[in-house]
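Numbered according to full-length UniProt numbering, the sequence shown spans residues 1 to 1120. Beta carbons are placed, not taken as given, at the ideal position from N, Cα and C, and that holds for glycine. Note that the structure is predicted; figures quoted are calculated from it, not measured. Heads up, the thing below is written out as structure tokens.
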Amino acid sequence: MASESDGPQALRLSNHVRFYCDDLAVPTGIGKDVVWARLESKANQLRKGCSWKKMQMVLEAEAKSKVAVKELLKKLFAVSQEMSEVAAISVEEVAVLLLRLFTQEPVTSTLLKQIMKHVFGSSPSSVILYRIYQIVGDIAAVLPPYTLWFLQGKEERVSHRQELFGKHITFVPLDRNKLVFPDVSELNDMTVMNKNVRNGEHLVGDLGSNVINEAHESEQQKVSDFRFPIYRVHCRHFESAFYEEVKLYPSCKKMEGLDVMMCELDVDKAVKSTVEGRDSVKDVEAAVFHSVYSSDGNVLITVPLGFDKTNIVLLAVLNVLAAPSDGLRFHKRQLKVLYLVASNEVAEQMSQKLGNGLKSFGTVVSCCTPCTQFSKDNFECTEILVTTVNLWRDIACALGKSDHVLEFLKLLVIDEMNCLQEFCGPALESVVTRITRQVKGGRRVRILGFVVSLLSMNDTPALCDMAEFLCVDSENAFVVGQHCPTVLPHVSIVKVKVKGTDEYRRTVDELMCSNVYKAISSYKKVVVFVNSEADAVHIAETIRDAACGSVKYKLALSDRIKRTLLKFMTESAGEECKCLCLDGYLIIHSEMTVGARNFMCSLFRKGVARFIVATSNFAWMLPNQVDTVIIKVRGKTGSFVGVGTSVLAGMLSVACQQKAKTCQRKAIIVSGNRFEEYLALLQNQHVVESQLLECLPDCLNAEVRSCNVSSVKECEEWFRCTYLYHRMRSRAMQLGTDLNLDGEAQVLVSKALHVLEKAGMMLFLRAGNFKCTELGCIAYCHNLCHSSMEFIMKYTKQVRTVNSILDILCKAPVFANFQVKQDEIDELVYLEHKYCKLVAQSEDSGGNYKARILLQTHLSGAKAESCGLRSAQAFVVKKTASLARAMFQASLSKRNAAMAASCLQVAKMIEKGVWNVCSETVESPEVKIEAHVQPVSRTVFQMIIFVTPAFVWKEELYGVSPVQFWLWIEDSKSNFIFNHQHFRLARKVVETKACVELSLPVMGMDPLPEHLTVFTVCDKWLSAVQTCNVRLGEVVLPNGGYFSITGLLDLQLLPVSVLKQKALEQLYSFHCFNSIITQAFHSLYHNDCNMLLAASAGKDRVTAAELAVFRAMSNKPGSK
């Protein structure tokens, strides 16, 4: 490491306790008068400029402990009273002099002794000097760094740093010798009015500084100067044999902008009261006001780290509420605004903010997370819905077609456009693409997108592609610069260079421990972010075990706090986590209760606790009072699982300040093998790539299932609206190839459709048309990919037992990437020996072995002890339940009765967490079944089934939702299902014992079986199974031979435009009628003759009835 004398002290900005102070060296040959003048000038400089009362008031206001600093100042003032008796200055001036002098100089400094001798006439004794030094040291320990800068005099210090570094410095992340001028010609840059912007010639002159590429003996230092007119960043680069580190220091300075009065913006009183009750708005809101509130165009805004977007979103929502009714008053409580965020925690936070801001309007704001009970009734009365992208897809599947759900949508808000390159990127891209196509078709839906920039406000290379993807013009794309008052933290990115898992982990632990101990010793607050509960416990244990006595003492909690904390953590944490939290090493993760997390955050906010380890998704809970933030990135992947720029921005925001201080906070990112990518990410030079290509077949299946596309041509049109297409066009522009990409789009779409056809999820028709099969619908409803559906269909043709189905589920492709870690082997062996009743029917790989043990442990009612295995167990349970449900529905579609019953049994076992041999201790819902047969022909029967509830409704058991049942008619000998249907029994039906009548057609029985079995099973309860045998030997068949059944012809699907009335065409969200309606269209819409259509229950009957009604209304208007 380089010694302290290798370079100027100002280059090392990590030490904020000691400050620069010129030594008053006295060369030989200089007279005593000159020395006296210098000492007198230095003493006056120390004691003048600030009164003792003012300094006392500032220190008490900014200290970490007001009580402690008040007592210490009293002690210092008492010592000053004793020493003022031999001095020619007042007591207040002596106190100011001692505080500033002992803050700047060590007790052994010659300069300190010379000044003390000059002011007090003689050199004080070492006892007095040590006493003053101890008091001032205790005062400095309870003060934040920016207050210590105040004692030194910040103006002198800042100017000294600017002389060393230059006034405008920005780090060039990847190529330090190349100037990159980003193209912002298509953006409305909010900082173009900055008068301090210099041209490129001055910029090149800055690069000739002698500060660049200074070398030291054992450590290389590089300082790169690159000027950008928005933010100024100081940069340092260190490299050693064990790690590489880059330190980025954003400038503290902000632009002083004038507030813009709301009355000048021509808005009503409601808007004034909504935007946080203020009568004026800052520069940011004023600059985007007319684009967000006064116009209806799509808007894209790039905001800096820590920026609060609530006011801008409220302006866009108010624009929707103030718009003309357009028939919406009849549908007042329909969904008008959809707000998509990156995580469930951010969704809860934003829903509260929007609800408070729109309270005076009576607008219903709802939040949907996995922890909330969100039903169809709640959705129907919701006007603003805040949820995540993945959950929105599940909501649309549960409520019906997403087009019908979004029928009245007027505004889509995307909280973070960088999610396009994350795990939820394909789902977000599909939502925006679907809305874009609807807008092109005549609908009016507005999109408001945000892009969060981390340290540099340079525009990301993909920002123009995002603007094209959202259909944003140049006047509505904004880059927010220094108008934002947020002060960014100092960020250090550390790349561990050692090889080997153990050495890597040891080096990371040492780096984190050293930074934590350094911060805790200075009474600073520290937060460590990890990506899992297991990492959180490991980090807390490592820091606790290696901590010295002073650190443990500073982190210790009182007995009263421990007792309260133990009450919250009784049922929500393991023993390891409890012991760590009680010792002062707080841990926050998702398995804790809400009360425990809130109480810990309260302790941290009040300063009772100074250290906390949290998973990345709870960054929003922590206050912006953290001095040091450490972000631990997984070594192998180099990224957080399931998160990206959005969560990284949330973690760095914890270290941001809302007021400009002279000393900024610090954030440390411990990275793995993606060191350069994180540098580019922080400097906003990363490329946001689309993740749609890998999921293109599944996304197309969702569009076909939603009836948004029905031909290859429409699929290509859909593809041209995706973000992937715009990124491809951007690459084509750089390479100089064809910008239309007609050939590439056709090839990609064709390959994706053929993948779906091979999986049995799509059926091609004539002239390039296709339709979604029943397997495609199952995959869409259960959010399964085509590879999982191919895996399922291998095992649905044969009859299998419950045990074999459990073994099959653990070998699904979704568990192929599961890895057994070294520290998990012992616990897995213990769980296998204690809970696993079933032995694998074939050889297990690592991932399948782990999934099998965790699934059987869950069925035994137990949980894994370690945090990592608990999270893996939750993932296994969720995926196997979805796979079992999909296997059940696939078995129904294949008419396999025994396999369907076994798969449904397995799904209920996994959802309940019990084995099928366990008898339920509560009353299960039972029904009585009666069945009657009515022959239609010799091979077609009408089965009339009467279902009567035979149980008592108990709300504590069944809740308020109806109880769902499955019913199918099977031939037990051939194991064939002739027909199936699901029905529900509401509470009113159960309490009144009403009889429910079901009518199911049965056809194709040749030869006629002896009897049929009506099989009824509850969808949730294991033991709720009833059967009823129906004998067919006594049934009198009609004479006249066999009736011919009309076959379904292979016809080209008719488009909706054949109605030839635009008002009627707009009633349908799909573009083409299905094959049944296509074949019967002429008889329904162009003839008045009577017609008998035997079609499946559902949309076919409804559509046929609508076409007949349209025919009658067009021929005889006003008739009934």
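Residues 73 of the same chain have their beta carbon placed closer than 7 Å to that of residue 56, with the five preceding and five following residues left out of the count.
Between the segment 861 to 874 and the segment 884 to 894, the count of C-beta pairs closer than 8 Å stays below three; the two stretches do not touch.
For residue 1068, the secondary structure class from DSSP, reduced to helix, strand or coil, is coil. At a Cβ-Cβ threshold of 9 Å, residue 361 and residue 321 count as neighbours. The closest CA to that of residue 683, considering only 533, 538, 491 and 720, is found on 491. Around residue 445, the same chain offers 409, 410, 412, 435, 438 and 439 as residues with beta carbons nearer than 7 Å, after the five sequence neighbours per side are excluded.
Setting aside the 5 residues that flank it on each side, residue 1003 is surrounded in the same chain by 939 and 940, each with a C-beta closer than 7 Å to its C-beta; the list follows chain order.
Taking the Cα positions, residue 1105 is about 11 Å away from residue 1092. DSSP places residue 83 within a helical segment (H, G or I) once states are collapsed to three. As the crow flies, the alpha-carbon of residue 784 is around 8 Å from that of residue 883. For residue 683, there is no enclosing alpha helix (DSSP H), as DSSP marks it with neither H nor E.
Closest in alpha carbon position to residue 1014, among 968, 1050, 1006 and 1031, is 968.
Membership of residue 984 in the beta strand (DSSP E) is indicated by the continuous run 976 to 985. If one requires a minimum length of 3 residues, the beta strand (DSSP E) runs lying completely within the segment 398 to 445 are 411 to 414, in chain order. Residue 384 sits close to residue 365, with the two beta carbons spaced by under 9 Å. Looking at the backbone, the Cα of residue 422 and that of residue 762 are separated by about 28 Å. The three-state secondary structure of residue 305, taken from DSSP, is coil. The beta carbon of residue 556 lies closer than 8 Å to those of 583 and 584 in the same chain, with the five residues before and after it left out. DSSP places residue 356 in the helix class (H, G or I) of the three-state scheme. Exclusion of the five residues before and after residue 740 leaves no residue of its chain whose Cβ lies closer than 7 Å to its Cβ.
Bridge pairing for residue 509: absent [DSSP]. Bridge partners of residue 941 according to DSSP: 935 and 1002. Residue 1055 sits in a strand when the DSSP states are folded into three classes.
Residue 1063 and residue 975 do not touch by the CB rule: their CB atoms are close to 50 Å apart, not below 8 Å. For residue 600, no beta strand (DSSP E) encloses it; the enclosing alpha helix (DSSP H) starts and ends at 594 to 606. In this structure, residue 305 lies near residue 488, with their beta-carbon atoms less than 9 Å apart. Scanning the segment 35 to 89 from its first residue to its last, the whole alpha helix (DSSP H) runs of 4-plus residues come out as 52 to 62 and 66 to 84. In the DSSP annotation of this structure, the continuous segment of the alpha helix (DSSP H) that includes residue 718 starts and ends at 712 to 719. The segment 83 to 142 is shown to contain whole alpha helix (DSSP H) runs of 4 or more residues at 91 to 104, 110 to 120 and 126 to 141, in chain order. The three-state secondary structure of residue 620, taken from DSSP, is helix. When the five nearest sequence neighbours on each side are left out, no beta carbon in the same chain lies closer than 8 Å to the beta carbon of residue 510. Bridge partners of residue 997 according to DSSP: 946.
Taking 8 Å as the upper bound for CB-CB distance, residue 291 and residue 299 are in contact here, some 5 Å apart. Following the DSSP letters along the chain, one finds residue 1011 inside the beta strand (DSSP E) bounded by residues 1011 to 1018.
In the structure shown, residue 784 falls within a coil segment according to DSSP collapsed to helix, strand and coil. The criterion of a C-beta distance shorter than 9 Å is not satisfied by residue 613 and residue 519.
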